[in-house]
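Residue numbers (this note's numbering): 19 to 120.
Beta carbons are placed, not taken as given, at the ideal position from N, Cα and C, and that holds for glycine.
Worksheet: the structure to be examined is printed underneath.
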Amino acid sequence: MDQKEHKHIAPKERAGPNTIFIGKKPVMAYVLAAITQFSGEHKEVHIRARGRSISTAVDVAEVIRNKFVQNLTPTVSIGTEELTDTENRPMRVSTIQITLSK
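Put into structure tokens, the structure is as follows:
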């Protein structure tokens with residue numbers, strides 16, 4: 019199997035105030051959070067997700083770009099995080115970070 023190199027995405031602890039972590043809330047909740055960041059002092063917003071939330075992160079970015087702020091430049095970074103499950107076994111989870119810049 020061919021091995022691919024992935025960019026490491028910083029963990030939650032080092033995230034700035036303009037980072038939005040995608041979870042189980044509706045898409046529009048995250049869109050509102052991003053629009054609030056853009057209307058403030060921030061020129062870029064980082065949307066981060068992992069696992070099953072990746073598709074929601076892409077939806078959030080596309081809704082922002084197509085419906086609210088059309089002149090944004092997206093940058094996408096994908097990667098893999100190694101976590102441990104409840105039985106201390108290692109497992110890998112896919113991650114994505116979408117940076118939207120004015």
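Just to confirm my understanding: we take SER119, look at its own chain, exclude 5 residues before and 5 after, and list those with CB closer than 6 Å. What are they?
Within the sequence shown, numbered from 1, the residue matching residue 119 stands at position 101. These residues qualify, in order along the chain: GLU62, THR91.
Give the DSSP-derived three-state secondary structure of ALA33 in the structure shown.
In the sequence shown, the residue the question calls residue 33 occupies position 15. Reduced to three states, the DSSP call for ALA33 is coil.
Give the single residue among SER112, PRO35, ALA51 whose Cα lies nearest to the Cα of GLY97.
On the sequence shown, position 79 is the one that residue 97 refers to. Comparing Cα-Cα distances from GLY97 to each of SER112, PRO35, ALA51, the minimum goes to SER112.
Counting C-beta neighbours from all protein chains within 10 Å, is the total for ARG68 16 or more, i.e. buried, or is it exposed?
The count along the sequence shown starts at 1 and reaches residue 68 at position 50. So ARG68 ends up on the buried side.
Go ahead and pull the three-state DSSP assignment for ARG70.
Translated into the one-based positions of the sequence shown, residue 70 becomes position 52. It is helical.
THR104 in three-state terms, based on DSSP
Here residue 104 refers to the residue found at position 86 of the sequence shown. In this structure, THR104 counts as coil in the three-state DSSP scheme.
For ILE114, which residues in the same chain have their Cβ closer than 6 Å to its Cβ, ignoring the five residues on either side in sequence?
Counting from one through the sequence shown, the residue named residue 114 turns up at place 96. Once the five neighbours on either side are set aside, the close Cβ partners of ILE114 are ALA67, ILE72, ALA75, ILE96.
Between ALA47, THR102, ARG110, which lies nearest to VAL78 when the distance is taken from Cα to Cα?
Here residue 78 is taken as the residue at index 60 of the sequence shown, counted from 1. Minimum Cα distance to VAL78 is reached at ALA47.
Taking the straight line between their C-alpha atoms, what separation do you get for GLY58 and PRO108?
Within the sequence shown, the letter at position 40 stands for residue 58. Within the sequence shown, the letter at position 90 stands for residue 108. Their Cα atoms are separated by approximately 40 Å.
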